[in-house]
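In our numbering, the protein residues as written are 41 to 262. To start, the structure under review is shown below, and the notes come after it.
In structure tokens, the structure reads:
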């Protein structure tokens with residue numbers, strides 16, 4: 041079920057972005073245009089089609105071979121088990137006409153872009169609201185009322201972070217980079233493969249050496 045009185049299954053909606061012919065579903069595109077902020081959604085699609093999104097995957101044992109079937113098996117295994125500790129991933133988006141890169145962390149629902157950080161700072165400006173929320177957190181018997189509620193639909197993973205990390209309402213803050221990454225990784229295997237293998241506008245890059253992986257993290261921080 042896509043919609044209920046008080047819940048929208050974003051993952052299920054986004055999973056239908058690609059139809060049976062492996063083309064973008066125009067009806068779902070139009071629906072998402074109104075479901076999300078229209079400008080943010082358009083920019084997110086542009087990112088997915090711009091060849092500027094890179095998914096780095098740490099594979100200490102060589103997995104990506106030239107054989108197409110082996111690569112498809114890896115992509116399928118990674119997508120279905122991407123939250124397992126055996127898969128380390130980093131999402132990097134290169135901004136158009138800029139040298140800067142943007143680091144996206146879906147697991148923490150964080151983006152390094154200025155828009156995301158500005159929205160986050162704006163959400164922190166109301167000190168009285170923060171104090172009130174802290175009081176609610178300390179006194180409420182239901183400790184999760186301040187946090188994002190767990191999905192009513194078990195298959196909806198969109199913008200969800202582990203309960204142990206839910207310490208504020210930042211998951212409500214959206215930017216084009218986060219939305220693009222979520223569409224790619226939190227919708228369906230069909231959407232994932234559409235941009236990676238059919239259109240080839242997003243890229244998965246294997247990193248087999250721990251030294252290279254650590255160097256990648258250092259470059260992101262710097």
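Virtual Cβ for every residue (Gly too), placed ideally from N, Cα, C.
Three-state secondary structure assigned by DSSP to residue i
| i | result |
| --- | --- |
| residue 58 | strand |
| residue 130 | strand |
| residue 246 | strand |
| residue 48 | strand |
| residue 53 | helix |
| residue 120 | helix |
| residue 210 | Interpretation of residue 210 is limited by its pLDDT of 46, a score under 50 that renders its predicted location unreliable; the figure taken from the coordinates is listed afterwards. Three-state DSSP puts residue 210 in a helix. |
| residue 159 | helix |
| residue 240 | coil |
| residue 252 | helix |
| residue 135 | coil |
| residue 112 | helix |
| residue 182 | In this prediction, residue 182 scores a pLDDT of 47, lower than 50, which makes its location untrustworthy; the coordinate-derived value is nonetheless stated afterwards. Looking at residue 182 - three-state DSSP - the assignment turns out to be coil, as it is neither helix nor strand. |
Range of the contiguous alpha helix (DSSP H) that encloses residue i
| i | result |
| --- | --- |
| residue 94 | Careful: residue 94 lies outside any alpha helix (DSSP H), inside the beta strand (DSSP E) at 93-98. |
| residue 72 | 66-75 |
| residue 219 | 216-225 |
| residue 232 | 229-233 |
| residue 79 | 78-88 |
Continuous beta strand (DSSP E) stretch holding residue i: start and end
| i | result |
| --- | --- |
| residue 145 | 141-145 |
Residues that DSSP places opposite residue i in a beta bridge
| i | result |
| --- | --- |
| residue 258 | Bridge partners of residue 258: none, in fact. |
| residue 151 | 144 |
Any non-hydrogen atom of the ligand ATP closer than 7 Å to residue i Cβ
| i | result |
| --- | --- |
| residue 162 | The ligand content of the structure shown is nil, which means the ligand ATP is not present either. |
Across the stretch 244-252 and the stretch 79-90, are there enough close Cβ pairs to call them in contact, namely three or more that are closer than 8 Å? Fewer than three beta-carbon pairs drawn from the stretch 244-252 and the stretch 79-90 are found closer than 8 Å, and the two stretches are therefore not classed as touching.
Contact between the stretch 215-233 and the stretch 53-69 (3+ Cβ pairs under 8 Å): Using a Cβ-Cβ distance cut-off of 8 Å, the stretch 215-233 and the stretch 53-69 are in contact, since at least three pairs of beta carbons, one from each stretch, lie closer than that value.
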